[in-house]
Amino acid sequence: MGASRPSRPAQLDPAVADGLAGGMDPQAISEMSHLSAAALLDRVRHSEDPEVVQRVLTLVETVGVDEIAELWSDAEPDSLPGVLWRLYMLRTWMRSNRDSIARLWRLGEPVATTASAIAGVDQAPTEDDIVRLADSILSGAFVGDFAVALERAAAFTDVVALGLRVEARRRVQRATANGGSAPEAEQAARAQAAKLLHTGANLMSTARTFEHGAHLWRRGRLE
Numbered sequence: 001m002g003a004s005r006p007s008r009p010a011q012l013d014p015a016v017a018d019g020l021a022g023g024m025d026p027q028a029i030s031e032m033s034h035l036s037a038a039a040l041l042d043r044v045r046h047s048e049d050p051e052v053v054q055r056v057l058t059l060v061e062t063v064g065v066d067e068i069a070e071l072w073s074d075a076e077p078d079s080l081p082g083v084l085w086r087l088y089m090l091r092t093w094m095r096s097n098r099d100s101i102a103r104l105w106r107l108g109e110p111v112a113t114t115a116s117a118i119a120g121v122d123q124a125p126t127e128d129d130i131v132r133l134a135d136s137i138l139s140g141a142f143v144g145d146f147a148v149a150l151e152r153a154a155a156f157t158d159v160v161a162l163g164l165r166v167e168a169r170r171r172v173q174r175a176t177a178n179g180g181s182a183p184e185a186e187q188a189a190r191a192q193a194a195k196l197l198h199t200g201a202n203l204m205s206t207a208r209t210f211e212h213g214a215h216l217w218r219r220g221r222l223e
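And the structure:
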């Protein structure tokens, strides 16, 4: 912490923060989760100050993931705070794993398809491209069409999930090609592949959450 930390956008009332620390009633936390998400989104949409957008974009870095998690992580997946939580976590994950994600995208999308156009990704993205995309998706949710931002996030996570499946298959194939000369290596490769497939399945589930959120937003039912 420290005096140099930027001011927080849409700060919570101190009484609310104290209540969270002391263990508020779950229903009260749920209500505050929805209210804070709506207030944050509304503030940015009605602001012409680019610094406000930047502060919201870097909310995890400036406020801390634990504080955001305490308020939003338990929200329903088909709610505004639940979707925003996943968008923030997606950005954090993309920026922290930019190299491997760029490689997985190239595996999952070797030839540009509609997913590339929707997500806004080049056929062979670099690490820097992944970082820019991470920021673009999240900022688009606040200053652009919220549903479109969710659809971009869904298209992106779908392709990365496919890349994970391709990588899992390749690892098993390489280990199997060695025959019975290295059974321990093959067993390890299969275990690693299982982990990749598990991560891919989680990403696909997240993609469906983003798609459903976009559908609800267009119907005015994402709250």
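Just so you know, full-length UniProt numbering puts the end of the sequence shown at 223, numbered straight through with nothing missing. Quick reminder that beta carbons are idealized off the backbone N, C-alpha and C, glycines included.
CA-CA distance, phenylalanine 210 to threonine 58, rounds to 20 Å. In the structure shown, valine 53 adopts helical secondary structure according to DSSP, grouped into three states.
Take glutamate 186, set aside five residues on each side of it, and the residues of its chain with a beta-carbon closer than 6 Å to its own are Ala175, in chain order. Short of 8 Å from the beta carbon of aspartate 78, and not among the five residues preceding or following it, lie these beta carbons of its own chain, in chain order: Thr209, His212, Gly213, Leu216, Leu222. Secondary structure of arginine 86 (DSSP, three-state): helix. With the rule of 3 Cβ pairs closer than 8 Å, the segment 159-170 counts as touching the segment 106-122.
Look at arginine 219 here: in three-state DSSP terms it is coil, with no helix or strand label. Taking a C-beta distance under 8 Å as the contact criterion, leucine 87 and isoleucine 137 qualify as a contact pair.
The shortest CA-to-CA distance from glutamate 61 to any of Arg95, Ala182, Arg132, Val121 is the one to Arg95. With contact defined as three or more Cβ pairs closer than 8 Å, the segment 129-147 and the segment 39-57 are in contact.
Positions of the alpha helix (DSSP H) runs, each at least 4 residues long and wholly inside the segment 114-138, are given as 114-119 in order along the chain.
Proline 183 sits exposed, since fewer than 16 C-beta atoms from the chains shown fall within 10 Å of its C-beta. Inclusion of serine 36 and alanine 75 in the CB contact set at 8 Å is not warranted, their separation being larger than that value.
Relative to the Cα of leucine 40, the nearest Cα in the group Leu104, Ala28, Trp85 belongs to Trp85. For the pair glycine 163 and tryptophan 105, the CB atoms are nearer than the 8 Å cut-off. Taking the C-beta atoms as reference points, valine 131 is found nearer than 8 Å to arginine 98.
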